[in-house]
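Residue numbers (UniProt numbering): 1 to 328.
All residues carry an ideal CB built from backbone N, CA and C; glycine is no exception.
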Amino acid sequence: MSMNVNNSGRKPVAAPKPETSAPTAPAQNTVRAAATPDTAKAPGSKDGFQAATLVAKANNRPAPTLPVASRPSPSQLGNNFHGQRGALSPNQTGKINGAAELAQFVFAGYNGGAHGPVSITPATLRQGNTSRQVHLVGISGTEAVENQSTGWITNLKSGFQQNNPGLRNARQAILDTVPAGADLVLAGHSQGGMIAQQLAADPTIKSRYNVINTVAFGSPLISAGQREGEVHRIAAAGDPVPRASLQSVLLSDWASMGQQDIPTDFPISLQKPGNGIEAHMKDYVSENNPTLARMDAVGRVSPKVPVSIEFNPANRVFFTSPTNTAAP
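In structure tokens:
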């Protein structure tokens with residue numbers, strides 16, 4: 001279902017602290033996911049590839065298969081494994097126990113423009129015997145969709161920390177949807193991870209909400225030193241994108257300190273230079289990744305008390321991100 005949007009706004013489609021930087025009523029421009037379209041899966045695909053299958057279907061590409069390489073299976077990862085060990089993704093279950101499942105939540109934004117790249121849902125953050133009500137915001141990355149602000153111009157502007165329609169649309173979706181004073185958990189992949197970091201540093205967002213966690217998958221350093229809350233940037237060894245911003249070059253020590261590296265199933269070589277793209281799109285959603293599997297739902301490695309996130313998939317709202325949104 002394609003949607004045309006004008007300058008008035010986005011269309012809803014209904015259906016704690018390593019890199020220190022700290023956690024709103026229905027909007028226009030949304031589509032509520034009564035059931036997030038995550039049921040189709042390729043024969044033989046497993047946990048983390050439910051969302052990646054959506055990406056492939058939306059772009060008329062073959063569904064991905066799980067690259068196992070020499071990875072242990074989830075059942076061999078022991079008690080530190082944070083995941084569901086099941087056949088269903090969090091987009092269906094509403095439960096995010098580990099970082100790979102958080103990435104799967106974000107990847108549902110790759111839907112060929114049918115719903116939009118931004119999604120927001122009320123959620124419960126659980127840690128041990130305590131719980132906290134939050135709003136979880138997912139932002140997917142670069143995708144070639146007509147009239148959608150997920151192209152290279154947004155990449156460049158976000159990479160140089162400039163205002164851009166992707167940032168404006170995500171900010172407005174939060175303002176339209178989340179009540180003032182709420183706690184936010186921001187998560188994004190690639191371009192979406194850059195925008196998530198910009199949001200964590202955005203004066204309007206910080207004055208109205210409490211940004212408690214930001215998790216960026218395959219994203220370079222953005223807005224260093226200005227973000228609110230706990231920030232985790234997760235980078236696969238075979239993915240060149242996390243090293244591709246001006247800040248990552250000029251502030252290399254800071255960027256390295258705040259970056260959590262995970263192994264890859266797609267090492268780049270002269271024979272396989274395209275593996276960088278494979279790593280960028282597949283490593284983050286794989287629960288068989290031994291380091292990623294030890295990260296909890298907010299990106300902390302082997303925490304003493306892991307954090308999990310629960311939400312009702314029926315309450316998740318997707319937002320389109322038009323290219324013609326006027327600058328504030």
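Item, Value
"Rounded distance between the beta-carbons of residue 192 and residue 148, thought under 8 Å", "Between residue 192 and residue 148 the Cβ distance is about 12 Å, and since that is not below 8 Å, they are no contact."
"Delimiting residues of the alpha helix (DSSP H) encompassing residue 278", "275-282"
"Proximity of residue 264 and residue 236 at Cβ, strictly below 7 Å", "yes"
"Residue 186 and residue 175 closer than 7 Å at C-beta", "no"
"Cβ-Cβ distance between residue 190 and residue 142 below 7 Å", "yes"
"Per-residue DSSP class, three states only, for residue 266", "coil"
"Interface flag, residue 232 vs chain C, CB-CB below 7 Å", "This model lacks chain C altogether, as it is built from one protein chain only."
"Within 7 Å, strictly: CB atoms of residue 135 and residue 182", "yes"
"Coarse secondary structure for residue 239, derived from DSSP in three states", "coil"
"Under the three-state DSSP convention, the category residue 310 falls into", "strand"
"Cβ pair residue 262, residue 289 closer than 7 Å", "yes"
"Rounded C-alpha distance that separates residue 259 from residue 314", "33 Å"
"Collapsed DSSP secondary structure at residue 139 in the structure displayed", "strand"
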